[in-house]
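Chains as they are written, first to last, in our numbering: chain A, 6 to 453; chain B, 6 to 453; chain C, 2 to 495; chain D, 2 to 495. Structure record follows, encoded as C-alpha cells.
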Amino acid sequence: MRYLPLTPEDRTEMLGVIGVSSVDALFADVPQAARLDGPVNLPRRATELEVERAFAAMAKKNVAASETAFFVGAGAYKHHIPASVDHLIQRSEFLTAYTPYQPEISQGTLQTLFEFQTQVARLTGMDVANASMYDGSTACAEAVLMAARVTKRSRAVLSGNLHPHYAEATRTLARYMNIDVAADAPVPGGLDDVISQIDEETACVVVQNPDVFGGIHDLRPIAEAAHAKGALLIAVFTEIVSLGLIESPGAMGADIVVGEGQSIGVGLQFGGPYVGLFACRNDKSFIRNMPGRLAGETIDADGRRGYVLTLSTREQHIRRDRATSNICTNSGLMALAFTIHMTLLGEKGLKHLAALNHERAVELADALGGVPGVTVETGAFFNEFTVKLPKNAAAVTEALIAKGVLAGVPASRLWPDGGLDDRLIIAATETNTDADIALFASALKEVL
Amino acid sequence: MRYLPLTPEDRTEMLGVIGVSSVDALFADVPQAARLDGPVNLPRRATELEVERAFAAMAKKNVAASETAFFVGAGAYKHHIPASVDHLIQRSEFLTAYTPYQPEISQGTLQTLFEFQTQVARLTGMDVANASMYDGSTACAEAVLMAARVTKRSRAVLSGNLHPHYAEATRTLARYMNIDVAADAPVPGGLDDVISQIDEETACVVVQNPDVFGGIHDLRPIAEAAHAKGALLIAVFTEIVSLGLIESPGAMGADIVVGEGQSIGVGLQFGGPYVGLFACRNDKSFIRNMPGRLAGETIDADGRRGYVLTLSTREQHIRRDRATSNICTNSGLMALAFTIHMTLLGEKGLKHLAALNHERAVELADALGGVPGVTVETGAFFNEFTVKLPKNAAAVTEALIAKGVLAGVPASRLWPDGGLDDRLIIAATETNTDADIALFASALKEVL
Amino acid sequence: QAEPLIFERGRTDLTGVDFPELKGTKTRLGGLERKSDIGLPGLSEPEAMRHYVRLSRKNYAIDLGIYPLGSCTMKHNPRLNEKMARLPGFGDVHPLQPQSTVQGALELIGELAHWLMTLTNTPCVAMSPKAGAHGELCGMMAIRAALDARGETGRRRVLVPESAHGTNPATAVQCGFHCDEIPANADGRVDMEAFKAKLGPDVAGIMLTNPNTCGLFERDIREIADLIHEAGGYFYCDGANFNAIVGRVRPGDLGIDAMHINLHKTFSTPHGGGGPGSGPTVFSQALAPFAPVPYVVQKGETWHMVEHEAEARADGAEPFGRMVAFHGQMGMFTRALSYMMSHGSDGLRQVAEDSVLNANYVLARLKHVMTPAFEGTCMHEALFDDRFLKDTGVTTLDFAKAMIDEGYHPMTMYFPLVVHGAMLIEPTETESKSGLDRFCDVLEGLAEAAKSGDTARFASAPVHAPVKRLDETRAARNPVLVWQESEDQPQAAE
Amino acid sequence: QAEPLIFERGRTDLTGVDFPELKGTKTRLGGLERKSDIGLPGLSEPEAMRHYVRLSRKNYAIDLGIYPLGSCTMKHNPRLNEKMARLPGFGDVHPLQPQSTVQGALELIGELAHWLMTLTNTPCVAMSPKAGAHGELCGMMAIRAALDARGETGRRRVLVPESAHGTNPATAVQCGFHCDEIPANADGRVDMEAFKAKLGPDVAGIMLTNPNTCGLFERDIREIADLIHEAGGYFYCDGANFNAIVGRVRPGDLGIDAMHINLHKTFSTPHGGGGPGSGPTVFSQALAPFAPVPYVVQKGETWHMVEHEAEARADGAEPFGRMVAFHGQMGMFTRALSYMMSHGSDGLRQVAEDSVLNANYVLARLKHVMTPAFEGTCMHEALFDDRFLKDTGVTTLDFAKAMIDEGYHPMTMYFPLVVHGAMLIEPTETESKSGLDRFCDVLEGLAEAAKSGDTARFASAPVHAPVKRLDETRAARNPVLVWQESEDQPQAAE
C-alpha cells in the first residue's frame, strides 16, 4: 500500500527484535472475542485513480457556486480567494505541522497566529483576540459561557435576529452549564427589542450585525443598556467583510466580539472547516476567562523576539476540569488562510472589497425590488437583505435552480415553523456580475 | 497592480535618489519616434476573477482527456500521475528557482538532476544521461548532430517509422549544418529496411522503438549493421513506460538513446512542456560532444559530497560559436516531475504499470479486431497499435467524438499525403477502463 | 533570520489584490459607515508570498521528518486527499444550497458515516463535531440527555482515569458532571478494585481512553463496560488512540456507548499547525436517539439532511440539540473518506498492525538505554519515564529540546501525568524501518550522552533551530497578544 | 543535513504507487521482454515526499528573496498562472486530438499570438520554439531561408557584438553562418564605425540584444537597422531584455526583422530550476513567409492549426520547416497569457517603467561604493565591474559567494565578457523599494568590508549554505554523472 513503508521483510525483522512471533501477539491484551479474524465488511484498497473517479462522480452531482448565478449567504459567503492563499496554506511546513507545542521549531505557525490575533483585534475594534475557534457559531456559544464566568451571572439574552444555528449551538452548550438562554422571535425588517429583556441577572446580550436578515444596526444603545445593568454586549458577525465598510463592534461598545471568518481565505466548503474569530476587551478577568489558544510574544535565550502559546493555565490540558473550555484543536490552517488573504488585501483592499460588495447588493436590491410583488424588507444593509415574496420562498428557490440561479436562503430553511415562508434571504458579493443580477431579476419575474 | 510593490510615493522618492525628474528620462536613449505615448492597443489590467473567467470559458471549449474514453497517443500518452508529484513540483524552492549556477544554494535542483540522470541511464541501459532536453523530438535532432560530430560523418538515416514530427525536427536542425538526412516511407505493419541504407558515410541510423505505429522491434541486427560500417545507432522512444516491459535499447546495442519522458510525471498539456531524455555510452568523445546540461558530483571545501553543473565547456555560454549546441534552458521542472514519479514507482511499480498498459492494449486490440472490417496491423506492440479501417480514419475519428470516444490519431494527421488515410494509431493505458474499451468497440461498429 | 511582522513591513496603502473600480452607487448603510481606520497593513503579492514562505520554513512538519508526538497520531498526509477536497463540487458548495443541488455532498457524508459505523460496529454516528474535544462533548451530552430522559437527575459523577487527556474532565464539566479520578494500577491500566469501589447510583458513566494514554490496551474493558452498564451508567470511549486498532478491533464489540473519532488523527486529515480537526461521534443503540442534528438519511435514491430538532422528533429521535452551524467539517470528511477508500478494509487493518509494530520496535530498540514506564509490549505508543535521566541533571524537557538539535521533533513530554517525566512516542505506521532506526540511533546517543555527563548540550538546546529556547514564563506573566506600534520590540540581547 | 540519494535509500521492491492486479492476459511482445533488471529504487509515498521536500529546502528561490541575476529577469511567479495552466481543459488535452475538440486551446494560442504581435508591432509570430535559444534558432533559420530564397548563397557572415549572449554565436553557427564580432565603444554600445566597416555583400545580418547585455539601450538602433537592411542583411534582435521596454517601446518600430520573446522571463512563467522556457519568435513582413509550422489561423468562428508545410505552401507561405513535435509550450502559453491579461496594456507599461526605475535605484544607491561599468543611467539592469575590489584580494566570485552568507542570491558574474569581473544586477519590477534598500545596504556593507581588509569572510564564503564552496574543477576533471553502487562516495573530509 502506497502509504505504508514497511515491507514483509521489515516486519519479520522487527518482530525478531521485539521478540514476538507475530503481530497478533502484540494484540494479546484485546479480548479474544473482539479480535477480528479478517477485514471488516468494506471495500478493499483502491488506487489513486479509482479514488479520483469515485470522488469525481460524487462531486458532479453538486452544483458548484462558480457554475451558476449565486446568491446564497445566511452565514457563509462566496468570495474570490487569490490563488496564492491556497498555494501558501499547502506548504508542507504549514499544512503538515502540529499544534506548536515546541515553539522553537514552530515559529512559522506562531508568528502567523500572532499576526492573525492582531488583525482580528483591529478589525473588530477590540484589544485582544485568540488564535481562532472552530467557527462562528461555537465562538458565539463560548462567548456566552465566558460572559457568565466574567459576570458570575447565568442568564443570556439572544437577539431573535441572531443566526438560528448560532442560537441553537449556544443553547446546546449553555444548557448543562445551567445558563438560562432567552431569545425573541426573528424580525425580518428590523430588530427585536433586546433592551427590554436585560435585567440584573443578565450576563450578556448577544446581537448579530449585520443580522441574519442582512440588516445593520447601531449597537450603541444596546451596549449602553447592557452596561447600565452590568451585562456585557456580545456582538456577532457572520460576514467579516462588512467590517471594511461599517462601524466596528468595538467602536459601538461591544465587550466581546465573535464571528465567522470564512469569507476571507477559506471558501464555502459546504460548511466547514471555517474559522471562528474571538476578540474582547483587554481586561485581566476577560483574558484569563477566554477560551481557546493564544499566541504571545516573548524572547529566547539570546534575547531575540519569538512567539509561544501562552496563558495555557486556562486550558484543559493544564487545568483539566477547571478549564475555561474543553477546546483543544483550533482552526489553525483556516486562520492562516485568513491572515494571508487579509495581508494581501490590506486596509485599502478590504475597504474596496467591502464597498464593491455593498454596491452589488444595492444594485441587486434595486433590480429585485423592481419585480412585481417583491418587497425588499431590509432598509440598511451591507451585502445581504431579505425580500418578501408573493409565493413560498422555498418553492421559488427550487424553481430558480433550473434557470441557473441559486437565489438565496428561504427563511423557512432556518425557521421551519417561523411563519416566514415567504421570506428569502439574499446575498450579493464581488463575484456577482451584472449579468448574474439581470438574470436573477428576469428569472424571478418568470417564476412568480 | 497586485504584482507591483512600488507605490507612487516610492517612485517619486527613488527618482530623487537617481537624480532624474521622471521615469521618461530613463528612456532617453530610445529614439523619440519609437517611444509610445500611451498603452498599446490591448485590454487594460484584469482582476484575478476576470482572468479566471476568461480562461474557464476557453478551457470549456476543449474536451479534456479524463472526460472521455481516450485512446490518443502517437508521441504523447495519458497516464495517471500521483497527486504528490504536482504538489512537490509546486514547492516554491523548486518552482521559482533558476538554473543552478550558484551550486551552494541549488543543491535541491542539482541532486535531483543527478538522480534523474541516473534513472534515465538505467532505464535506457546506457552509461550516462544529461539533465534533460526540451522534448523528445529536439533530443532526437541533437543526437543526430552529436553523432555527426563524434563520427565526423555527415549522413543520417532515419527510419520511416520514426515519428514524422521527430524526423521533421531533425531535418530542420540538420539542414543548415550540411547533414544529409535520408528517410524511407513509413511501413504501418512492419519496419522499413534501414540496414540497406547504411553506408561508409553514414554517421547514424535512427530507429524508433516502439515505432510510431506502436510496433516493437529487435534493434540488435540494426546495431550490428551500423557498427559494422562505423555508424552509430540512435534509438528513439516516445513511450518511456515501455522500458518497464521491453528490452532496453542499450541492451540491444544502441549508442545513443533519446526519447520523450512525458508519460512519467508530466501529463498531456497539449504538447508541452515535455521532457527530452538523452543518454549515451560512456566514451570520452561521446560525453564531450553531448548537448545540454550535466549535473556532476564533487566535494565542497569541507570534503562533503555536493553537486554542480559540469562540463560546461561544451556549452554556448563558455564555448560560444564552438558549442555542442545552442541550448541554454532545459526542461528542469519536468525532469523533476519525472524523477519524483519514477521514484514513487520504483522498479516494482514501473514494471507493474508497464504490464498493465500492455494488458489493456492487448484487450483493446482484441476488442477492435473483432469489429467487422477492422484489421489490427501491428503484430508485436507495447501499448499502441495501428488498425486498418474500411473507411477514412479521420472521418471515423470525427464521428466517434460524439459517442464519447477520442479514438486515436489518424495516420493522415501525421502524413497527409502518405496514402495512409485508412490507418488509425490507437493507444491504451492504465487509465482505460473495461467500459472504455467496450464503448470504443461498440461505437466503432456503429460508425463503420 | 528574523522575519518582521506584517505590521512592521506592510502599509495600509498597499494591496496585493486587484478589484474593478467602484461605480459610485448610492450606499444604503443607514449612517453606520466606519469612521475610523482599521490599521491593517497590506503587502503586494510578491512580498506576501515571501513573507509566508519564509515564515513557513521556521516550522517542523511531518513532511520533513518523523513527528513522534504521542497521542497525536501524526502520520503522512496524502496529497490525493487535498486534491479531492478541492474539487469544485465539494469545495465550492454552500451549506444552505437547496439539498437537491448537493446530492453528491450528502452522499459523501452518508458514505463516510457508513465506513465509520462499520469500523466501529455501531448503529449511529453524529458527523457535526468539529474536533476531538467537540466529539467528546457530543458523546457526553448524549449521555446527559439519556440520563435526563430517564429522569436520572442524581447521576452526575463521571469516572475518569488519572491518565486521561485533559479534555475528558473539561468536557464532563461542560455537561454538568463532576469528575472522580480512578487510579491506575502498577500495570498502567485501570485499577479494577478502585473502579468497582467507585460505582454507585450517582455514577453517570466512565470516560476511558482505549488503548489508554500509557499506550496500553485496557484488558478488562469488557468487564468495565458490563459493570458500568450494570451500575446504570454509560461508557464513553475517548477515540484518540483508535489508530492502534482500526480495522482490527471494533469498539462496538467492546461495549462502548459513545466514542469520538479524530478524523485528523486516524484518518490523516492534515493538522495545519493546530487544526482544523473533525470529531464524528459514534453511538450505541442506547444513545443513538439522543444524537444531535443535523444528520443525513437516504430515502430511496435521494439523500436528505435532517437539520431541525422538530423533524428529528417527528422521526422518533430525541436529539440533544445542535452543536454547530451547518453540517460539520466537510473538508475533513472528503479527505478522510479518500484516505479510507485508499486503504480499504485490508489497508486499514494493516495500519493498526504497522502502527503497533512500529511502536513496539521503538520500545524494543530503546528499552536498554531509556526506561519504559511499564513492562511488556505496548500498543501504538511507547511510553518512557525519566528514571534513566536520574542524577544526570537533564530533565525530560532538556532531553526533548536536545532532539531538536538532532533534527527531530520531540515526543510528547510530561503526559500522561501518571508517569514521572513522561515521554510518549508514537511513530505511526507511515514511518519506515530505516527511518525508525535512524531515530532510535539518535535517542540512544542522547541517552548515553546524558548518562555519561555530556550534559551542557541539553541545557542550552536547541541551538540548531530558528530561535533558542523561548521564555514561556515571561510570555504568561506579561502577555503580549497583539502587536502595538508603540511597544518596545525586544529585538536583540539585552 | 545531507540528504542521501534515492539509490542509497530506496529499494527496488518498494513502491509508492498502487495499481490494480494484472489479469494475466497473454502478452504480444514478440519475444522482446526485458531480460535484465533496471536498478530503479522506489520509495513509499511518505518517504518520497520527505526526500523531495527536504531537497527543495536546499534551493534558493524567488519566493524566498530577490534573485538579481542580470539577463535572467527573475520576477515574481503569480500562482494564478499555475492555477490556470492546470485547468483540465488546458492541462489534460492531447496535442493530436481532433482540432474540433481543442478549439479553446487553439484560441488561447491565437490570443497570445495577438498580444505578442501587438506588443512588438510585428505581423507574425512563430509560437513553437521551446526556449529562448530555440527562438533564436527560429529567427536565424528564417533569415537563412530568406537568403536562400533570394539565392544569396554568399551571405554567411553574421555580425555579433562582443557583449552578446553565448547563445547568439552558437545559434548562428547552427544555421550555417559564421560570426564576426563587433567591438563595443567606451559607452558600452555598438561601435558604429566598426559596425559600418564590417558591412558588405557577404553579411547575412546582425544579432543584437537591445537593451544590450551592459544594461544599456542601443541609441543607434534605427540607424543600425537601416544600414543592415541597406547592406542586404537582416536584423535579428535578441529579446532577452524585452522586460525593460515591454508596453513602452515596440521592437517592430525599431526596424527589427526577428526577435524571440522569453515567456519565462518577460511574462513570468516560472523557471523551475532550469526550465521549461518558451521562446516565440516574431517576424517582420520580410521574414514572415519563412516562419515554421505549425501555426494557428482563425477561419470565421473556427480556429485551425496548420501543421504541415504542404498546407502552408498552399497558403503561399514558405516555411523553413518544423522545429519540434506538436505545437510548442502550451503550459507556458497559458501562464504567459494569464500574466499579460492580469497586467493589461497599462500594467505591462508599468512593468517596464518599474523595472528600469528599480535598476537605476540600485545603480544610484551603489555607485559610491561599487564601480559602475559605464556612465549614466541604465535600463533594467545595473552593471558593475570589479575595479572597486582592486588590490583587496577579493574577486567577483568571492564577492558573489559572500552575498550568499547574507541571505541573497548573487547577481550574474563575469558576464558580459566585455567588462572585467562583471556583476550584472537585474532587480525586476516585482521588488519593493524597502527590499531594494535592504539589498543595497548589504552590498554596501560587503563592499566596505572588502575595501577595509576584512577579507577572510570572502575567501571562505559561503558558510551559511547547505554546502560550502564546491569544487567545480574536480567535477569537470573526473566527471561523475550517474550514481554507481561501487563508487567510493566522498562523504566526509579527506
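Glycine included, C-beta positions come from ideal geometry on N, C-alpha and C.
Just checking my contact of residue i with residue j at CB under 8 Å: how many whole Å lie between their CB atoms?
{"i": "HIS261/C", "j": "CYS139/C", "result": "7 Å"}
{"i": "LEU350/B", "j": "THR16/D", "result": "6 Å"}
{"i": "ALA236/A", "j": "ALA208/A", "result": "6 Å"}
Does the beta carbon of residue i come closer than 9 Å to any beta carbon on chain D?
{"i": "LYS76/C", "result": "yes"}
{"i": "VAL18/C", "result": "no"}
{"i": "PRO108/B", "result": "yes"}
{"i": "MET6/A", "result": "yes"}
Thinking C-alpha only, which one of the options is nearest residue i?
{"i": "PRO162/C", "options": "ALA143/C, LYS197/C, HIS369/C", "result": "LYS197/C"}
{"i": "THR303/D", "options": "GLN98/D, PRO79/D, GLY105/D, GLY71/D", "result": "GLY105/D"}
{"i": "THR52/A", "options": "LYS157/B, ARG96/B, VAL241/B, ILE86/B", "result": "ILE86/B"}
{"i": "MET131/B", "options": "SER253/B, VAL381/B, ASN183/B, GLN267/B", "result": "SER253/B"}
{"i": "HIS166/C", "options": "ALA208/A, THR12/A, HIS322/A, GLU389/A", "result": "HIS322/A"}
{"i": "VAL247/C", "options": "LEU41/A, THR12/A, SER26/A", "result": "LEU41/A"}
{"i": "PRO36/A", "options": "LEU33/C, ASP221/C, PRO212/C, PRO99/C", "result": "ASP221/C"}
{"i": "ASP260/A", "options": "ALA230/A, GLY276/A, SER27/A", "result": "ALA230/A"}
Pull up the distance between the alpha-carbon of residue i and that of residue j, whole angstroms please.
{"i": "ILE221/B", "j": "LEU419/B", "result": "19 Å"}
{"i": "ALA61/B", "j": "PHE218/C", "result": "54 Å"}
{"i": "LEU367/D", "j": "ALA30/B", "result": "20 Å"}
{"i": "PRO491/D", "j": "ILE110/B", "result": "Low per-residue confidence applies at PRO491/D: pLDDT is 44, beneath 50, and the placement is therefore not dependable, though the value from the model is reported in the following sentence. When rounded, the distance between both Cα atoms is 20 Å."}
{"i": "LEU167/A", "j": "GLY21/B", "result": "56 Å"}
{"i": "ALA328/B", "j": "PRO170/D", "result": "9 Å"}
{"i": "THR517/D", "j": "PHE99/B", "result": "This structure cannot speak to residue 517/D, because chain D is shown only from 2 to 495."}
{"i": "VAL125/A", "j": "VAL25/A", "result": "55 Å"}
{"i": "PRO169/B", "j": "ALA400/B", "result": "21 Å"}
{"i": "ALA494/D", "j": "VAL464/D", "result": "In this prediction, ALA494/D scores a pLDDT of 33, lower than 50, which makes its location untrustworthy; the coordinate-derived value is nonetheless stated afterwards. Going by the C-alpha atoms only, they are around 16 Å apart."}
9 Å is my cut-off, CB to CB: does residue i come that close to chain A?
{"i": "LYS434/D", "result": "no"}
{"i": "VAL174/C", "result": "yes"}
Does any CB atom of chain C fall closer than 9 Å to the CB of residue i?
{"i": "LEU31/B", "result": "no"}
query = Along the chain, which unbroken stretches of the alpha helix (DSSP H) at least 4 residues long are found entirely within the region 310-379 of chain C?
reply = Fully contained in the region 310-379 of chain C are the following alpha helix (DSSP H) runs of length 4 or more, in chain order: 310-315, 331-367.
query = What alpha helix (DSSP H) runs, 4 residues minimum, are completely inside the region 384-451 of chain C?
reply = 397-406
request  = With a floor of 3 residues, list each beta strand (DSSP E) that falls wholly inside the region 231-314 of chain A, ordered by position along the chain.
outcome  = 237-242, 261-265, 281-285, 300-304, 310-314
request  = Let me know the alpha helix (DSSP H) ranges lying completely inside the region 149-223 of chain A, each 4 residues or longer, listed in chain order.
outcome  = Inside the region 149-223 of chain A, DSSP marks whole alpha helix (DSSP H) runs of 4 or more residues at positions 169-180, from first to last along the chain.
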